[in-house]
Structures are given as structure tokens and as C-alpha cells.
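Undergrad:
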Amino acid sequence: MHIPDGYLGPQTYAALDAAIIPIWAIAGSRIKKTLKTKQVPLMALAAAFSFVIMMFNVPVIGGSTGHAVGAVLIAILLGPWAACVSVSIALVIQALVFGDGGITAIGANVINMAVIMPFVGFYLYRLVAGDRPGYGRRIAASGIAAYVGIVAASIAAGVEFGLQPLLAHTASGQALYAPYPLSVAVPAMAVEHLLFFGWVEALVTMGIVAVLARQDSALLEMKPAAKPLRWLWAGLAGLILLTPLGVLAQGTAWGEWGAAELRASLGYLPAGLGRIGSLWTSAMPDYAPPFIADPLVGYLVAAVLGSTLVVGVTWLLGRLLARPNEDPKQPGPGPGAA
Amino acid sequence: MIPALAHLGDSTPRRRGGARSLARRTADAIGHAVAEVLENDELASSAGLMQALDPRVKLVSVLAFSVVASFVHSVPMLLALAVATMALAVASNVPIASFAGKVWTSAGFFGLLLSAPAATEWITPGQILISLGPLSITAPGLLIATRLIARVAVGAGFGLLVVWTTRWTDLLRALSAMGVPDLVVATLAMTQKQIMSLLRTVENMHLARESRMLTGGTVRQNRTWVIERMAFVALRSMKTADDIYDAMLARGFSGAMPSLVDLRATARDAAWTAASIAACALALVIDRMVFPV
Chain S
38 MHIPDGYLGP
48 QTYAALDAAI
58 IPIWAIAGSR
68 IKKTLKTKQV
78 PLMALAAAFS
88 FVIMMFNVPV
98 IGGSTGHAVG
108 AVLIAILLGP
118 WAACVSVSIA
128 LVIQALVFGD
138 GGITAIGANV
148 INMAVIMPFV
158 GFYLYRLVAG
168 DRPGYGRRIA
178 ASGIAAYVGI
188 VAASIAAGVE
198 FGLQPLLAHT
208 ASGQALYAPY
218 PLSVAVPAMA
228 VEHLLFFGWV
238 EALVTMGIVA
248 VLARQDSALL
258 EMKPAAKPLR
268 WLWAGLAGLI
278 LLTPLGVLAQ
288 GTAWGEWGAA
298 ELRASLGYLP
308 AGLGRIGSLW
318 TSAMPDYAPP
328 FIADPLVGYL
338 VAAVLGSTLV
348 VGVTWLLGRL
358 LARPNEDPKQ
368 PGPGPGAA
Chain G
13 MIPALAHLGD
23 STPRRRGGAR
33 SLARRTADAI
43 GHAVAEVLEN
53 DELASSAGLM
63 QALDPRVKLV
73 SVLAFSVVAS
83 FVHSVPMLLA
93 LAVATMALAV
103 ASNVPIASFA
113 GKVWTSAGFF
123 GLLLSAPAAT
133 EWITPGQILI
143 SLGPLSITAP
153 GLLIATRLIA
163 RVAVGAGFGL
173 LVVWTTRWTD
183 LLRALSAMGV
193 PDLVVATLAM
203 TQKQIMSLLR
213 TVENMHLARE
223 SRMLTGGTVR
233 QNRTWVIERM
243 AFVALRSMKT
253 ADDIYDAMLA
263 RGFSGAMPSL
273 VDLRATARDA
283 AWTAASIAAC
293 ALALVIDRMV
303 FPV
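Top to bottom, those sequences are chains S and G. For the first sequence, this note's numbering gives the first residue as 38, with consecutive numbering after it. For the second sequence, this note's numbering gives the first residue as 13, with consecutive numbering after it.
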């Protein structure tokens, strides 16, 4: 997943390189609070471990082997911010000492493997494991977290690749950097991680967590997941802000064609589809509010309205389904309670 | 000086069919990585054009070259930059065969694998050059693939020049002088040392297993063994971190990091900076004016 120089255009790598500076600053101040002066050797050893774990060949099926990244494991052991710093250091050393991963692409590699992977993995681990997990639940949670973490990172890399033909091309439409559109790059990256590397990551993380749980369970003490809801809100806001990217993509998602598109491609409209398709007319067809002319702004407003509606309905359902004797102010077991 | 032992080839008897065991392959890969770092350090300490530069100047200029390469779009100009990386390697006494081999096997080979589908009609329709049904090679597809491979090779070449002509301690000095916090530089320095130490531990683990095993073992056995070793490395890392911290305190560590900055730029660095700026500007002008895409 290490992106070399040359695959990402300046718009992408400059934005991602700039994005990691505040992330590193926040990570530095967060780990200073929790790890104090012990941080230097601990970060160094965690980074060295992150590097070395990638050198182990793990037998998977038949004669094939794969290697793990270990970012979720480090997040489980030290917390997500410490994992962010240590995996970042390992990536910088890989680029500057071993020539693995590009110099201009350091920001992209850090965002994928040192930010998205440990944070997604850590919060999912906390969500699945709860506050006081038993042996089996802890191991299952670590496996799920590692699998989803690396798949999320691979999808991010796929999006970065897939944006290149949209962002930089010649007048005749030839891609100047990574040549595959989102429709090819994202599935290509996701599928190999869903089918192979995700399982390697999950297997390694589960195995190490199982050994550590038996030998030194204090290492697996649940790290504080500081206000996970705040991060979920921040993530939601980030995704909403990114929604205008959808307008850049050409065409319609496979299988989601409208009546006009079907008629254009097939030469006719199936009668049943035409009959049922006209039963309901949505308030905002194609995520374009009728009262907004600019498609980018319209897409953004549709994302805000849609998210508000989903959160509102979920909140309402939660209120309706909550047991009448439950005190909503009493914190229950869950990731937010730590 | 690298001990002669580090250069010895694999003399262990092969298993039937010529395949090496997983333990042997991993130990070899790790041994190779460690030897490569030692060789890089030796190369970076030898005389040469880029070795003589102030590491700050070198780091910034190579970063500028990499950025310029990302703005260059014409294939002839990208190829010219690839030739420039090789010329710099020769001027820095870097063995050109090793340099070209490393660049083209890592970046070029993977670039070729990744860009090959883009050369076909399936991804890039256009005038067909070689007819292979749906996988026919098209003229615009070939141009896209060539451009990508050349760009990746240029990026890898410049990156490798930094890696092979700069001692790790000099790189840390450069980062420190460029404003990277001392805490980060100290962590980087310690990480590199610990990487080498852990790599040696992991290599020895694999060699010990190889020497004890009569057969290669089943996939399940090997997987269990590998994961248990990883857990051991994790435990050892945590313990070593505590030991190092205790040793730091015992030596009077108060939280302040000593500064590594003792660099002084010379006239040679000024000349290199001027030449780099001129080369970057020239590359961009030729790319835009002579070979517009």
C-alpha cells in the first residue's frame, strides 16, 4: 500500500502533505499528555515494531504469504494517537532509509496507514470489545478492527488513485498520473484487501492479541477512547464536506440507471419498470435540491439534509425503543464510558 | 567497513525442488535489508558529488527535483530527468548498474505492472498499435503507461540518491536544522537503531528455526510460529522501551534533547543550489514550451 512518487499529482500530494502537519501536531500534544517523557523510547520502539512486523512473512493459503501493517495492533496497545506517530515514523524511515514509498507521497501514505487505519481500527475495537471484554470477545474485536482498518485504508488509497484522472488530464482526456478512474481504482484496491491482505492483518492482530492476553494482559488494558462521539461527528462533517467530489464523477453507478438512461442504452424502457418507477417522485431527485442552482452547493446541501434526517430518525427510534426504566443520564458499558 | 560475512551467499542445502523454507526466505530478506543499510552508509561516507553537499541543501534540492518531476508531463522531458538521476549517481560514485537495477526493478517493474492495463483499449480507447482483441495496445494508452513508468522511475531515482548518498546521522542533522522538533529527531534516531536491533533478533529467530527443522512444516505450524514470534517482538519492544527510559534517567535525562545542528554550507552548496534552481526552471520551461501536452 506504500504509494511511490509519480502516482499522485501535485494537487493531491500537496493537500495530503499539508494535512498531516496539524495531525502530527495534535498527536504530539496528545501523547505528551498521556505518555509524558517516556514517549521517546516508547514511540521509537513502537515505530521499530511497526517496521519489523512488516518484515515477517505470514503463511496464508498454499504457498502464498503476506505481511501485516500492524497499525491497529499498535493502536490497541498504545492508543490511536501514539499509533499515528509511531507508524508515521516507520513510514518516514521506510521512505528515507529504505526507499520504500515516495518522498512527495509521504502525506498520502501517512494519512492511509498511520491515520485512517489506526483510528478506524481503534474505535471499532472499542465499539465491538466494550469496556471489559472477555478473552474471546477481545480477540474477535481485534480481528474485526484490523480487517476493517486495513480495508478502510486501502479504499482511501483507491480514492486517491481514482481522483487523479479527474484532477489532472490533457486536453484530450489522457490521465497525467495514476490512470485508473474511481470505478476501477477503488474496487481494485478494496478487493485485494477484502480477499487477501485484510485476512492477513486480522489473523496477525488476533494471534498477537491472543498471545499477549495470555502472557501479559496488562498491556491490553482498555485505552481511553476520548469522546468517540465527537470523532464520529467530526468524521461525518468531513464526509459531508467531501460529498461534492461525487459531482466530479461521470455517469451513474452500475445498476442505478434512471428511466431516461435505460431508454438511451437499451433503446426501450421495460414496461414494468416504467410503471413502478413513476409511482413515487422524490423531493430531491439525483441529490439536487430544486431550490439550488449550483450543483456543488446542491450536493452539499443534500448531504447535510440527508444526514440530519438519518440522525434524527435514528435518535427518534432510539427514544421510542429505549426501555422506560432506563436512565439516559446513567453511562452504560460502551466505548464512550471510558 | 562491512564484514565480509555480510556478503556471503546462501550456502544452505536446498529442499527438494530447490525451494527455500519460509524461515530461510524471511531470514535472507531481513539479512539483505540490514546489509543494504550498512552498504548505504558505506556508500554515503565515500567521496562523490552528492556526498559532499550539505545534507540540508541536498534534501531540499532533491525534494525540489521530485516536485518538478511531478509537474513535468512530456515523456522526453521525463526521460531526460531519468538520465539526469543516473548522471548524478555516476558523479556520486554510486555503482550505476546497482542504481539502475534498483530503480527499474522496484519502481519500473511495479509501474509496468500497474500501468499495463491502462495501455489497453479496455481502459484507454484510441488508435490501435498492437491488435490483441479487447486488450489491444492503443497509442494514447501506451503514452499514458510510458509517462507513468517514467515519472515513477524519476521519483524513485531521486529518492534513492538521497538514501544512497546521505548518512542517516547527516539526514537527522538536516531535519533538525530545518526546524523538525528535536523530540521527533531523537525518536527517529532511536527508531532506526531499534529497527536494526529488532531485525537482527528476528533474523536470528528465523535462522534458529531453520537450523532446528528437518522439514518445512505445515502452513498452520508456520503461521502459529510466526505470530508467536511477532508477539514476542511486541513484548520485547515494550520491555526495551522501559529499559531505555530507565537508562536515560540514569544518565541524567531531564526531558531536554541535545541539538544536532552543526552544519555549515559552503560555496559548493551555493553553486549546487543555483544549478538546481536553474535545472528545475529549465526542465519546466522545456516541458511547457518545447513538448506541450
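Cβ atoms here follow ideal geometry from the backbone N, Cα and C, with glycine treated the same way. No experiment lies behind these values; they were computed from the predicted model shown.
#1: Can you name the start and end residues of the alpha helix (DSSP H) that Ile142 (chain G) belongs to?
#2: Do Val166 (chain G) and Leu261 (chain G) have their C-beta atoms closer together than 8 Å?
#3: Since I believe Met154 (chain S) is in contact with Ala208 (chain S) (beta carbons under 8 Å), could you give me their beta-carbon distance rounded to a whole number of angstroms?
#4: Any chance you could list the alpha helix (DSSP H) runs of at least 4 consecutive residues sitting entirely within the region 71 to 156 of chain G, in chain order?
#5: Within 8 Å, do at least three Cβ pairs link the region 140 to 148 of chain S to the region 222 to 234 of chain S?
#6: Would Ser188 (chain G) be called buried (16 or more neighbouring beta carbons within 10 Å of its own) or exposed?
#7: If you scan the region 147 to 212 of chain S from start to end, which runs of the alpha helix (DSSP H) of 4 or more residues do you find wholly inside it?
#8: Output yes if chain S places a C-beta closer than 8 Å to the C-beta of Ile207 (chain G); else output no.
#9: Look at the alpha carbon of Met92 (chain S) and the alpha carbon of Val347 (chain S), and state the distance between them as a whole number of angstroms.
#10: I want to see whether chain G comes within less than 8 Å of Ile140 (chain S), judged by CB atoms only; does it?
#11: Which residues in the same chain have their Cβ closer than 7 Å to the Cβ of Thr178 (chain G), if we skip the five residues on either side of it in sequence?
#12: If you measure from the beta carbon of Gly43 (chain S) to each beta carbon in chain G, is any gap under 8 Å?
#13: By the DSSP assignment, the alpha helix (DSSP H) with Thr227 (chain G) in it spans what residues?
#14: Pull up the distance between the alpha-carbon of Tyr44 (chain S) and that of Tyr214 (chain S), whole angstroms please.
#15: Which residue comes first and which comes last in the alpha helix (DSSP H) that contains Ala293 (chain G)?
#16: When the cut-off is 8 Å and only beta carbons count, does Asp253 (chain S) lie next to chain G?
#17: For Pro179 (chain S), which residues of its own chain have a beta-carbon under 7 Å away from its beta-carbon, when the five flanking residues on both sides are left out?
#18: Consult DSSP for Pro96 (chain S) and reduce its assignment to one of helix, strand or coil.
#19: If Met98 (chain G) and Phe77 (chain G) are in contact, beta carbons under 8 Å, what's the gap, nearest whole angstrom?
#20: Thinking Ala131 (chain G) and Leu100 (chain G) are a contact (beta carbons under 8 Å), I'd like their distance in whole angstroms, please.
#21: In chain order, what residues of the same chain lie with their CB nearer than 7 Å to the CB of Tyr172 (chain S), ignoring the 5 residues before and after it?
#22: 8 Å is my cut-off, CB to CB: does Met80 (chain S) come that close to chain G?
#23: Between which two residues does the alpha helix (DSSP H) containing Met243 (chain S) stretch?
#24: For Gly191 (chain G), which three-state DSSP category applies?
#25: Under 6 Å Cβ to Cβ from Pro146 (chain G), same chain only, skipping five residues before and after it: list those, please.
#26: If the criterion is Cβ atoms closer than 8 Å, does the pair Phe234 (chain S) and Gly136 (chain S) meet it?
#27: Does any CB atom of chain S fall closer than 8 Å to the CB of Asn216 (chain G)?
#28: Excluding sequence positions up to five away, which residues of its chain have a Cβ less than 7 Å from the Cβ of Pro3 (chain S)?
#29: Could you work out which residues of chain G lie near Asn94 (chain S), taking near to mean beta carbons separated by less than 7 Å?
#30: For a quick check, are the C-beta atoms of Met242 (chain G) and Ile90 (chain S) less than 8 Å apart?
#31: Note down, in chain order, every chain G residue with its Cβ under 8 Å from the Cβ of Phe86 (chain S).
#32: Taking Val197 (chain G) as the reference, which of G:Leu210, G:Val238, G:Met208 and G:Leu183 has the closest Cα?
#33: Starting from Trp317 (chain S), follow the alpha helix (DSSP H) in both directions and report where the run begins and ends.
#34: Looking only at C-alpha atoms, which of S:Arg300, S:Ala194 and S:Ile130 sits nearest to Ala85 (chain S)?
#35: Roughly how many angstroms separate the alpha carbons of Leu278 (chain S) and Glu197 (chain S), rounded to a whole number?
#36: Return the CA-CA distance between Leu296 (chain G) and Ala105 (chain S), expressed in angstroms with no decimal places.
TA: Here's the rundown:
#1: Run containing Ile142 (chain G): none in the alpha helix (DSSP H); it sits in the beta strand (DSSP E), Ile140 to Ile142.
#2: The answer is no: Cβ separation not under 8 Å.
#3: With a Cβ gap of about 38 Å, Ala208 (chain S) and Met154 (chain S) do not count as contacting.
#4: Listed in chain order, the complete alpha helix (DSSP H) runs (minimum 4 residues) inside the region 71 to 156 of chain G are 87 to 103, 108 to 114 and 121 to 127.
#5: Judged by Cβ distances under 8 Å, the region 222 to 234 of chain S makes no contact with the region 140 to 148 of chain S, as fewer than three pairs qualify.
#6: Buried, since its Cβ has 16 or more Cβ neighbours within 10 Å.
#7: Runs of the alpha helix (DSSP H) inside the region 147 to 212 of chain S: 154 to 166 and 172 to 204.
#8: Answer yes: the Cβ-Cβ gap between Ile207 (chain G) and chain S drops below 8 Å somewhere.
#9: When the Cα atoms are used, Met92 (chain S) and Val347 (chain S) turn out to be separated by approximately 44 Å.
#10: By this cut-off, Ile140 (chain S) is an interface position.
#11: The residues are Ala56, Pro67 and Lys70.
#12: Yes, Gly43 (chain S) lies at the interface with chain G (some Cβ there is under 8 Å from its Cβ).
#13: Thr227 (chain G) -> no alpha helix (DSSP H), and no H or E assigned at all.
#14: Cα to Cα, Tyr44 (chain S) sits roughly 5 Å from Tyr214 (chain S).
#15: Residues Ala279 to Met301.
#16: Chain G, which has a Cβ nearer than 8 Å to the Cβ of Asp253 (chain S), makes this yes.
#17: First, the residue type needs correcting, since residue 179 (chain S) is Ser and not Pro in the sequence shown. If the five residues before and after Ser179 (chain S) are omitted, its C-beta is found closer than 7 Å to the C-beta atoms of Ile113, Tyr162, Thr242, Met243 and Val246, all from its own chain and listed in chain order.
#18: Taken through DSSP and simplified to helix, strand or coil, Pro96 (chain S) comes out as strand.
#19: By a beta-carbon distance limit of 8 Å, Met98 (chain G) does not contact Phe77 (chain G). Their separation comes to about 13 Å.
#20: Wrong, their Cβ atoms sit about 30 Å apart, outside the cutoff.
#21: Around Tyr172 (chain S): Ala250.
#22: Yes, because at least one Cβ of chain G sits closer than 8 Å to the Cβ of Met80 (chain S).
#23: That run of the alpha helix (DSSP H) goes Gly235 to Gln252.
#24: Coil, per DSSP.
#25: Cβ neighbours of Pro146 (chain G) beyond the five flanking positions: Trp134.
#26: Taking 8 Å as the Cβ cut-off, Phe234 (chain S) and Gly136 (chain S) do not qualify as a contacting pair.
#27: For Asn216 (chain G), the answer is no, since every Cβ of chain S falls outside 8 Å of its Cβ.
#28: Since the first and last residues shown for chain S are 38 and 375, residue 3 (chain S) lies out of range.
#29: Leu34, Arg37 and Thr38, listed in chain order.
#30: Yes, the pair counts as a contact, with Cβ atoms nearer than the cut-off.
#31: The contacting residues are Leu210, Val245, Ala246 and Ser249.
#32: Restricting attention to G:Leu210, G:Val238, G:Met208 and G:Leu183, the CA atom closest to the CA of Val197 (chain G) is found in G:Leu183.
#33: Premise fails: Trp317 (chain S) is in no alpha helix (DSSP H) and is neither H nor E.
#34: Minimum Cα distance to Ala85 (chain S) is reached at S:Ile130.
#35: Using only the alpha carbons, I get a separation of about 16 Å.
#36: Between the C-alpha atoms of Leu296 (chain G) and Ala105 (chain S) there is a straight-line separation of about 40 Å.
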